[in-house]
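Single-structure report; data block below.
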Amino acid sequence: MIMRDVRIIDRGRGPEIEGTRITVFHVWEFYRAGDDRDDIALTFGLSSRQVQAAIDYIHANRQQVEDQYARIEERIRQGNPEKLEQQLRQNRERLQERLRRKDHQPA
Numbered sequence: 752m753i754m755r756d757v758r759i760i761d762r763g764r765g766p767e768i769e770g771t772r773i774t775v776f777h778v779w780e781f782y783r784a785g786d787d788r789d790d791i792a793l794t795f796g797l798s799s800r801q802v803q804a805a806i807d808y809i810h811a812n813r814q815q816v817e818d819q820y821a822r823i824e825e826r827i828r829q830g831n832p833e834k835l836e837q838q839l840r841q842n843r844e845r846l847q848e849r850l851r852r853k854d855h856q857p858a
């Protein structure tokens, strides 16, 4: 088996473990809660080496990771803009109406 170095890359969603869609923020949440490397690996279906690469990245870029994570938490707290929420409500209503009509059609 060929062992490759694990890399942390950024494709626009924040730093993530190459070959996965797992960001260092996912790992950081569990790491901060006290989970160990092997438990985190099991949770996300990663190798211990991949988790360790994320932890190493976090330690090497601590302030940047904390700042980015704080912005993510703030966006979550703010929720979606009202215009988007209105569009989502309209889409849900249209879907529910279609489902009601479908339920009332003869088989």
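Okay, so the sequence shown: first residue is 752 according to the working numbering, each after it adds one. Glycine included, every Cβ here is placed at the ideal spot set by N, Cα and C.
Alpha-carbon to alpha-carbon, residue j and residue i
i	j	result
Q815	E844	41 Å
V757	I827	29 Å
W779	G763	18 Å
D807	L835	38 Å
Burial state of residue i, where buried means 16 or more other Cβ atoms lie within 10 Å
i	result
I791	buried
E825	exposed
Run of the beta strand (DSSP E) containing residue i, from where it starts to where it stops
i	result
I768	P766 to I768
D761	I759 to D761
Cβ-Cβ distance between residue i and residue j below 8 Å
i	j	result
F781	I823	no
N-terminal and C-terminal residue of the alpha helix (DSSP H) that residue i is part of
i	result
L846	E833 to D854
Inset, instruction - Could you say if the stretch 780-800 and the stretch 829-838 meet the contact criterion of at least three C-beta pairs nearer than 8 Å? - result: no
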